[in-house]
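Trainee:
There are 2 protein chains.
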Amino acid sequence: MLRVTSADVARESGVSRTTVSYVLNATPGAAISDETRRRVLDTAERLGYTPSAAARALRSGRSDIVVCVLPDWSAGPVIDRLLDHLTTLFAEAGLSLLVFHDLGDRPLTHLWRAVTPRAVVALGPLTPADAAAMAVAGIPVVGATLDAPSAPQTFAVPQQAIGALQVGHLVDRGHRVLGYAAPHDDRLEEFAQRRLSGARAASRERGVAEPQVRTVELDSLEASVAVRGWWQAGVTGIVAYNDEVAIAVLAGARAAGLRVPDDLAVIGVDDIPLSRLTTPALTTVWQAIDGQAEHLVGAALDALGHREGGGRPSPSPRPAGELFRVVQRAST
Amino acid sequence: MLRVTSADVARESGVSRTTVSYVLNATPGAAISDETRRRVLDTAERLGYTPSAAARALRSGRSDIVVCVLPDWSAGPVIDRLLDHLTTLFAEAGLSLLVFHDLGDRPLTHLWRAVTPRAVVALGPLTPADAAAMAVAGIPVVGATLDAPSAPQTFAVPQQAIGALQVGHLVDRGHRVLGYAAPHDDRLEEFAQRRLSGARAASRERGVAEPQVRTVELDSLEASVAVRGWWQAGVTGIVAYNDEVAIAVLAGARAAGLRVPDDLAVIGVDDIPLSRLTTPALTTVWQAIDGQAEHLVGAALDALGHREGGGRPSPSPRPAGELFRVVQRAST
DNA sequence: CTGAAAGCGCTTACAG
DNA sequence: CTGAAAGCGCTTACAG
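Chains as they are written, first to last, in my numbering: chain A, 1 to 332; chain B, 1001 to 1332.
Here it is in structure tokens:
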């Protein structure tokens, strides 16, 4: 029950705590005899010694933890893949990524009391108070938020570009009257707004009317109501917020007796595995999640001054054309 | 850049660090004048003081962090909901849940060096070395693993019961020759095996042959090959590992020209949102994720001796009938 | 090649 | 009602 400390290892191996620390951390300057080294390592192993993370952090003034704050709307396969990539990339830099599911029902203060991260990756906006707390503590925050221009390391996934790409695809295929299928989930509001604004801008640029926005629930009947509404308004192409919503539109079209893509074309976002299994298979926008992860991690490491070694500067963001790509299937 | 410490707050408010600590922690025994209290709180606010998590942890001997270790196969909407519930329930106990995505590509040693959790929720098996490290440090581990009977607090979601429920449903509806649609993903192997073994046992109990296992990829063409194989073997009911696989089977059946459920009945697991949008809508098994989360958290809090206050014992696991339920739709 | 000592920031008996 | 002091476990100059 009692914690095994480096003092225990030292006593048990007949050396000082200094030596234990040198051995276990493989301290560069330290010249420890092979025999001592082995003895210490064996003892540590035998006692099951694990250094106290708290003491290390207190002593060194910094933790090896990066916290990723996940807003409650950000679930799904794309985020999962992003987190996997972030985990790997931070691990390569010796940092452990821990994900906090921010449900928005209590302040993050509790979190900051429990952990002092080396850096924060915020996939949603932080409250001003939290952002200030991080700033005072000197903890860099990188994220997909557009709301904190004060943080230069903010990296924004250009959501607008996604909406624009979708509109461009439909217009290229001859559609002139578009609909936008927005998610029913309020929590997605902010995200959807950004994609929608990109879609609107692209529509203006391409000389077509702004898409007619309708909320689409994940339910065939409800979706069919939306589809009928669009149809009556002369809409022939639907830009969906994501693949789930797009699949609901497909179901709604089927329920409404419309053929896809002949009567109505549909394009989603995310390229989830199930998007290949619909009838017809769904055209969608694939995202280069690895590239986005690289940018986020790069920005974080830059802010931490991690890159000095290689002198390699943070890669400049790839153009949208490389971050996103239309996957053409049968629904458009 | 320099950290704001309680000493700064003390100096700035003209009191001792003791007083600052009393005020900020609302220490029960402490009788602080209202004026002093206000002054300290104001100063802390003004300086943007956040206590050092590391120092708190070192001093108190324990952190307020619970780490959930997520194996790389455990993604998807069900796990997301589980994590949300876990986050909420632990937060109610004053603990912050942080999720670590274990990609299995490097030892967790790095993680334990970065954070000393108060408890660990392991959604997959820990290596013996990691389990031992947690044991030595006196950190309770709860989880869905069946592999560590040494840990009494282990709570296992009865995966077998899911497979059994699926088989029971199909047999009840008259199916005598069953197929099992296994996921292609190797990482799901362990999980799938448990559900499959439940399906096998139930088949024996019900007096039907064990289900014929075929791997089904998330691809219409590949799935249609599996479906044809089943069809030729006289299979009329498919138990799918989860809804994604089930949807692939639906797509495969369509590609193979079979009607669902007339020619082939299909039942999935998870009740993902998209399962209502397929044609026909998918029969599936709904899981009481909140119940599972309660058990996990209850086991952890029990192990931490958190329940003394209310004297309320850990709720005994609900019977499988309450943890799972068949959602009857059109595919069976 | 190895050890004694300081100090990271906090909380908490203990003493006023 | 408030403060001086110890100590949590670690690392790292510094001194041998």
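All C-beta atoms in this analysis are idealised placements derived from N, C-alpha and C, irrespective of residue type, glycine included.
Got a sec: is the Cβ-Cβ distance from B/R1003 to anything in chain A below 9 Å?
Mentor: yes
Trainee: Tell me the rounded alpha-carbon separation between A/S275 and A/V208.
Mentor: 27 Å
Trainee: Sorted by chain position, which residues of the same chain lie with C-beta nearer than 6 Å to B/P1261's C-beta, five sequence neighbours on each side aside?
Mentor: So the list reads S1331 and T1332, once near-sequence residues are dropped.
Trainee: DSSP on B/W1112, reduced to helix/strand/coil?
Mentor: Helix.
Trainee: Could you confirm whether any beta carbon from chain B is found closer than 9 Å to the beta carbon of A/E294?
Mentor: Taking Cβ atoms only, chain B never reaches closer than 9 Å to A/E294, which makes this a no.
Trainee: If distances are taken between C-alpha atoms only, which option among A/C68, A/S52, A/W230 and A/V67 comes closest to B/G1061?
Mentor: A/S52
Trainee: For A/H110, decide whether its Cβ has a neighbour in chain B, counting only Cβ atoms nearer than 9 Å.
Mentor: Cβ-Cβ to chain B under 9 Å: yes for A/H110.
Trainee: Quick check: what's the CA-CA separation for B/A1010 versus A/P273?
Mentor: Pairing B/A1010 with A/P273, the inter-Cα distance amounts to about 57 Å.
Trainee: According to the neighbour-count rule (16 or more other Cβ atoms, all chains shown, within 10 Å of its Cβ), is A/N25 buried or exposed?
Mentor: exposed
Trainee: Is it the case that the stretch 166-179 of chain A contacts the stretch 286-296 of chain A, given that we only count it when at least three CB pairs across the two stretches are under 8 Å?
Mentor: no
Trainee: Could one say the Cβ of A/T88 lies closer than 9 Å to chain B's Cβ atoms, at least one of them?
Mentor: yes
Trainee: Give the straight-line distance between the Cα atoms of B/T1215 and B/V1249, rounded to the nearest whole angstrom.
Mentor: 10 Å
Trainee: Considering B/G1252, what are the terminal residues of the alpha helix (DSSP H) in which it resides?
Mentor: D1243 to A1256
Trainee: At which residues does the alpha helix (DSSP H) containing A/L89 begin and terminate?
Mentor: Segment P77 to E92, the alpha helix (DSSP H) holding A/L89.
Trainee: Please state whether the Cβ-Cβ distance between B/L1058 and A/S220 is less than 9 Å.
Mentor: In terms of Cβ geometry, B/L1058 and A/S220 do not form a close pair [threshold 9 Å].
Trainee: At 8 Å on the CB atoms, spell out the chain B contacts of A/I65, in chain order.
Mentor: A1114 and V1115
Trainee: Give me the subset of the stretch 38-50 of chain A whose CB atoms are less than 9 Å from a CB atom of chain B, sorted by chain position.
Mentor: Answer in chain order: L47, G48, Y49 and T50.
Trainee: Going by alpha carbons, who is nearest to A/E189 out of A/W73, A/V266, A/G14 and A/E244?
Mentor: That would be A/W73, whose Cα lies nearest to the Cα of A/E189.
Trainee: If you drop the 5 nearest sequence neighbours on each side, which residues of the same chain put their C-beta closer than 7 Å to that of B/L1258?
Mentor: V1227, W1231 and L1264
Trainee: By Cβ distance below 6 Å, which residues in the same chain neighbour B/R1200 in space, the five residues on each side in sequence not counted?
Mentor: E1210
Trainee: Between the stretch 102-122 of chain A and the stretch 1123-1134 of chain B, are three or more C-beta pairs nearer than 8 Å?
Mentor: Inter-segment contact for the stretch 102-122 of chain A and the stretch 1123-1134 of chain B is absent: fewer than three beta-carbon pairs are separated by less than 8 Å.
Trainee: Could you tell me whether the stretch 1038-1046 of chain B touches the stretch 1011-1024 of chain B, where touching means 3 or more Cβ pairs closer than 8 Å?
Mentor: yes
Trainee: Return the chain-ordered list of same chain residues with a C-beta closer than 7 Å to the C-beta of A/Q159, the five sequence neighbours on each side being excluded.
Mentor: F191, R194, R195 and G198
Trainee: Relative to the alpha-carbon of A/S203, which residue among A/E222, A/V167 and A/A182 has its alpha-carbon at the smallest distance?
Mentor: Comparing Cα positions, the closest option is A/V167.
Trainee: If you reduce the DSSP assignment to three classes, tell me which class B/Y1180 lands in.
Mentor: strand
Trainee: So A/V120 and A/G48 are supposed to be a Cβ contact under 8 Å. How far apart are they, rounded?
Mentor: Rounded, the Cβ-Cβ distance is 32 Å, inconsistent with contact.
Trainee: Report the neighbours of A/R254 on chain B: residues whose CB is nearer than 9 Å to its CB, in chain order.
Mentor: Within 9 Å Cβ-Cβ: T1279.
Trainee: Would A/E308 count as contacting chain B if we go by Cβ distances under 9 Å?
Mentor: With a pLDDT of only 46 at A/E308, under the threshold of 50, the placement of this residue in the model should not be trusted, and no figure is reported.
Trainee: Compare the C-beta of B/I1247 with all C-beta atoms of chain A and state if any pair is closer than 9 Å.
Mentor: yes
Trainee: Taking B/I1139 and B/P1117 to be in contact with their CB atoms under 8 Å, please state how far apart those CB atoms are, rounded to whole angstroms.
Mentor: 6 Å
Trainee: Please go through the same chain and pick out, in chain order, the residues whose beta-carbon is closer than 8 Å to the beta-carbon of A/A161, but skip the five residues on each side of it.
Mentor: G198, A320, L323 and F324
Trainee: From which residue to which residue does the beta strand (DSSP E) around A/G143 run?
Mentor: From DSSP, the beta strand (DSSP E) with A/G143 extends over V141 to G143.
Trainee: Have a look at A/G305, A/I289, A/E205 and A/L165 and flag the residue whose alpha-carbon is nearest the alpha-carbon of A/Y241.
Mentor: A/L165
Trainee: Given a cut-off of 9 Å on the beta-carbon distance, is the pair A/V142 and A/L95 in contact?
Mentor: No, they are not a contact pair.
Trainee: Since A/L304 meets chain B, which of its residues come closer than 8 Å, beta carbon to beta carbon?
Mentor: Proximity of chain B to A/L304 at the Cβ level (cut-off 8 Å) is not reached, the minimal Cβ distance being about 13 Å.
Trainee: Per DSSP, what kind of secondary structure is B/R1214 in: helix, strand or coil?
Mentor: strand
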